[in-house]
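K.L.:
Mind looking over this structure? Questions follow.
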Amino acid sequence: MKHGYDMNRNRRGRQKSWKREKRRIWFVQGIMVLSLAAVVFRVYDVQQVYGRSLKKAADQVIDVTKPLLAPRGAILDAQGNEIAYDVPAYYVDIQLQHVRPYAAQAAAILAPILGTSESSLVALLSRDDSPSEWIQLPTPVEATVKEKLAAAFNAHAWAPDAKKIAWYNDITFTPTEERVYPYDEFAANAIGYVSKGTGQSGVELEYNKLLAGKNGVMSYQQDPTGVPLPGSLHITQAAKPGDNVQLTIDDTIQGYVEHEMDSLMAKYQPAHAAIIVSDPQTGAILAISSRPTFNPNQYWKASLDALSQNWAVSSAFEPGSTFKPFVLAAALQTNSIGLYQTFTSGQITIDNQTIHDWNYTGWGTLTFQQALEESSNVGFSKIALALGWPNMNKYLNLFGFTQPTGIDLPNEATSLLFPKSEQGQLELATAGFGQGIAVTPLQQIAAMDAIANGGKLMRPYIMQKITTPSGKVVEQTKPTVVRDGFLSQQVIDEVRQSMVLDVSDPKHGIDSGAAIPGYEVAGKTGTAQIVDPTTGQYYSNRFETSFIGFAPANNPKVVVYVTVYWPKTAPDEAWGSTVAIPPAKAILQECLNYYHIPPTGSISVAQDMQGAGQVQYVETPNIVGMTSAQAKQTLANDGLTGMFVGTSGTVTRQWPEAGIQVAKGSKLYGLFQNAAGTTVAMPNLTGLSLRDATNLLAALGLNIHPSGSGYVVSQSVAAGTTVHIGSGVDVTLKP
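Sequential numbering from 1 applies to the sequence shown in full-length UniProt numbering.
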């Protein structure tokens, strides 16, 4: 048929189409096989060519676990001001491999940022003895310094242009906390310092466990060069912040103390010095300072002596005459002596050794009260001999001199006393005026607190309270009475009054330079020779000078102790009255103003005392054999006055004796009676001051037993009564 379907042609078309599709499938399959082969080849290549090196790199990633330092608690003063606290900081580690070739150039850029010298930084960056090629800067840096260091390393500003790549991996920063002391040397020896998160001295050491808190734990990974891997830091245990420690130190009073300490150090350049101010009612330390000192912000620059020695706490030395009030109290309490009992001053020989008064000649006959005023070593030798070793040892213990005070500061020293095998009469006599024994400043101030507060030996303390970061009180110090009742109120009053006379009497009290207009100040100076450790003998020109006292005397608010060891610039003026009194007086006066304690005494009398530093001494003339008129004229010629018993004849006895050094304006006492007799007539004492009555009776060889204060209003033995020399009379005094 012309138009029939051609079956053969259609079959041929389908066959061609199938062949084309088949070729297309083969092509796709070929590509897939080739791709799979490429992947297999790449896997094989990675495993065989790079596998070992990648595995080695992975194996060298280091898992690091480190403590997460807890923020250290703050230290606060009595008013709550922070005087030591933590701020965020960073330890800095530097990779030396790339920096070492340019150590000098790098140091020139980095030194100003770090605030250190280029030479020390060059030495650090040039080191080649670090196995890891990393070194850590000695102290952490604050955040602003960290950013400047990071910028410097990112720019690598010290390298040649061809080497300026971002070598930020050459420096790493580890977060930590830096201790800051905003007032630098302020009470530094007591506060202490921190190194690598641990307290090393002072309060920082004593309360380290509480201040430090509890560290947490952090982990991260670092590469073989020590660089932490980004994103790997993980806090596995949070840190517990430390507690805060609030001290008893009053920042205002401490400021007074630091000012006076700086002044005396500049003027006298002593080997060391210490000042303590306490509250006698509680034992709280209101201020404490020691020299040499240091800046705890840069403790590594300080001398070992400054870092390790707090002279107010960790040293004991011969107290000298500041020890005399305690010996006097012990002797009065045991009835070993009477306060107005008399003795002959000048010198005393014990075991073939002669003890002289500080002026070598003495002052003739004195009462034991006057022995304190004149600071008579002979008088206190006799007091100690009357006291005896059993009582001396007993009261050394009762006053706290046989053991440390227990203050909450580290490394407290204790006393060095005569062992029983060496307790002879000579040792007893010298101990009476503070020589041959060694005690600490803290022991002395605690003992003086007891005299000031009415007889309670308090434990000194410096921690007021401990609080959590949220302010919760964890612990609070309560004043601790170590012992009480070992001194009667009468003895306390007698010792206080004797110390007041030592300061308030410009003619006889050698410590009258401490007088403050309008206030009663009780005080005593000390001047002790220093022992040469190589020979065991005393230096002839090296002294430890001191002052201890309190004010107001009738209701003490503060006790002040000043010790200046070996003033070098004025060896001829190295006396407690010239070196230690000025700073002590200034501190006492500032404290009285600070506490708003108004003056109560006579300003005019006090102003008269201000000239005490200019007191002139004269030698007492011999008026025996003179008439009353002749004696008065002779005394007037020397700037002295007289008081006489009897109405006619010539002077048969005088007191003080001739040849004694006394202050101009002093009064001599003359007797118109038979000096060789065993009896005398009791004089009329009515209207006399205690001093005049005491001295008049001393001239007659009689003793006085006073009660009250002011002027004599009555006496137990009527005037004109014949009494035996050596007998006594009770007198009542009223204002």
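We put the CB at the ideal spot given by N, CA and C, even for glycine.
Given a threshold of 16 other Cβ atoms within 10 Å of its Cβ, counted over all protein chains shown, does Asn310 qualify as buried or as exposed?
P.N.:
Under this definition Asn310 is a buried residue.
K.L.:
His724 lies in the beta strand (DSSP E); which residues open and close that run?
P.N.:
Segment 722–724, the beta strand (DSSP E) holding His724.
K.L.:
When DSSP builds the beta bridges, which residues end up paired with Ala438?
P.N.:
Partner(s): Leu416.
K.L.:
Would you kindly work out how many angstroms separate the C-alpha atoms of Gln281 and Gly485, rounded to a whole number?
P.N.:
Taking the straight line joining both Cα atoms gives about 15 angstroms.
K.L.:
When the Cα atoms are used, what is the spatial distance from Leu409 to Asp129?
P.N.:
The alpha-carbon atoms of Leu409 and Asp129 are separated by roughly 40 angstroms.
K.L.:
Among the residues of its own chain, which have a CB less than 6 angstroms from the CB of Thr569, if the five just before and after it don't count?
P.N.:
Taken in chain order, the residues that qualify are Tyr268, Gln269.
K.L.:
Helix, strand or coil: which one does DSSP assign to Ala719?
P.N.:
Of the three classes helix, strand and coil, the one that applies to Ala719 here is coil, per DSSP.
K.L.:
With a threshold of 7 angstroms on Cβ separation, who are the neighbours of Gln443 within its own chain once the five nearest residues in sequence on each side are excluded?
P.N.:
Excluding positions up to five away in sequence, the list reads Gly400, Phe401, Thr405, Ser415.
K.L.:
Would you list the one or two residues that DSSP bridges to Ile94?
P.N.:
In DSSP, Ile94 forms a bridge with Ile135, Ile171.
K.L.:
What does a CB cutoff of less than 7 angstroms around Ser602 pick up in its chain, not counting 5 residues either side in sequence?
P.N.:
Only weak support exists for where Ser602 lies, its pLDDT of 44 falling under 50; the value from the coordinates is given anyway. No residues qualify anywhere along the chain.
K.L.:
Whole angstroms is fine: what's the gap from Thr732's alpha carbon to Asp279's?
P.N.:
One C-alpha to the other measures close to 34 angstroms.
K.L.:
Please report how far the alpha carbon of Asp250 lies from the alpha carbon of Ala284, in whole angstroms.
P.N.:
If you take the alpha carbons of Asp250 and Ala284, they lie about 10 angstroms apart.
K.L.:
Whose C-alpha, out of Gly687, Leu229, Ala70, is nearest the C-alpha of Met208?
P.N.:
A small fix is needed here, since residue 208 is Asn in this sequence, not Met. The shortest C-alpha separation from Asn208 is found at Ala70.
K.L.:
If I'm right that Ile725 touches Thr679 with Cβ under 8 angstroms, what's the distance once you round it to whole angstroms?
P.N.:
With 8 angstroms as the limit, Ile725 and Thr679 qualify as a contact, their Cβ atoms being about 7 angstroms apart.
K.L.:
So who's on the other strand from Leu527, going by DSSP bridges?
P.N.:
One point to set straight first is that residue 527 is Thr, not Leu, in the sequence displayed. BP columns for Thr527 point to Thr545.
K.L.:
Identify whether Trp575 lies in helix, strand or coil by the three-state DSSP scheme.
P.N.:
Residue state, collapsed to three classes: coil.
K.L.:
Name the two residues that bound the continuous alpha helix (DSSP H) containing Ala681.
P.N.:
Careful: Ala681 lies outside any alpha helix (DSSP H), inside the beta strand (DSSP E) at 679–681.
K.L.:
Skipping 5 residues on each side, what residues in its chain have a beta carbon closer than 8 angstroms to that of Thr467?
P.N.:
Same-chain partners within the cutoff: Asp243, Asn244, Gln246, Val473, Val474.
K.L.:
So, at 6 angstroms on beta carbons, what are the nonlocal neighbours of Thr176 in its own chain, with the 5 sequence-adjacent residues on each side left out?
P.N.:
Around Thr176: Leu69, Ala89, Tyr91, Pro140.
K.L.:
Using the C-alpha atoms, what's the distance from Trp655 back to Gly364?
P.N.:
So the alpha carbons of these two residues sit roughly 7 angstroms apart.
K.L.:
Determine the direct distance from the alpha carbon of Thr236 to that of Gln464, and round the result to whole angstroms.
P.N.:
Whole-angstrom Cα-Cα distance: 35 angstroms.
K.L.:
Is the stretch 323–333 touching the stretch 348–365 in the sense that three or more CB pairs, one from each, lie closer than 8 angstroms?
P.N.:
The stretch 348–365, when compared against the stretch 323–333, does not touch it at the 8 angstroms Cβ threshold.
K.L.:
Quick check on this structure: which residue in Ala553, Pro533, Asp572, Val439 has the alpha carbon closest to the alpha carbon of Asn541?
P.N.:
Residue Asp572 is the option with its Cα nearest to Asn541.
K.L.:
I'd like the list of long-range same chain contacts for Val712, defined as Cβ closer than 6 angstroms, with 5 residues on each side in sequence excluded.
P.N.:
Answer for Val712: Leu685, Thr686, Leu688, Ala693, Val731, Leu733, listed in chain order.
K.L.:
What residues are listed by DSSP as bridge partners for Ser219?
P.N.:
DSSP output for Ser219 lists Thr65, His234 as bridge partner(s).
K.L.:
Pick from Gly213, Leu501, Thr430: whose alpha carbon is nearest that of Tyr519?
P.N.:
Here the closest residue by C-alpha is Leu501.
K.L.:
Determine the DSSP secondary structure at Arg496, reduced to helix, strand or coil.
P.N.:
The answer is helix: DSSP assigns Arg496 an H, G or I state.
K.L.:
Does DSSP put Arg127 in a helix, in a strand, or in coil?
P.N.:
Arg127 falls in the coil class under three-state DSSP.
K.L.:
Pull up the distance between the alpha-carbon of Pro556 and that of Asn453, whole angstroms please.
P.N.:
Cα-Cα distance, rounded: 7 angstroms.
K.L.:
Relative to the alpha-carbon of Tyr565, which residue among Ala316, Gly639, Tyr340 has its alpha-carbon at the smallest distance?
P.N.:
Among Ala316, Gly639, Tyr340, the Cα nearest to that of Tyr565 belongs to Ala316.
K.L.:
State the start and end residues of the unbroken beta strand (DSSP E) segment that holds His705.
P.N.:
Element bounds for His705: 703–708.
K.L.:
For a test of the three-state rule: what should DSSP assign to Ala239, helix, strand or coil?
P.N.:
Here Ala239 sits in coil by DSSP.
K.L.:
Would you tell me roughly how many angstroms separate the C-alpha atoms of Ser628 and Pro621, rounded to the nearest one?
P.N.:
About 14 angstroms.
K.L.:
I need the straight-line Cα distance from Ser648 to Leu372, nearest angstrom please.
P.N.:
Roughly 35 angstroms between the two C-alpha positions.
K.L.:
For Ile109, count neighbouring C-beta atoms within 10 Å of its own C-beta (all shown protein chains included) and say buried if the count is 16 or more, exposed if not.
P.N.:
Flag for Ile109 reads buried.
K.L.:
Rounded C-beta distance between Ile587 and Val257? I'm assuming under 8 angstroms.
P.N.:
With 8 angstroms as the limit, Ile587 and Val257 qualify as a contact, their Cβ atoms being about 6 angstroms apart.
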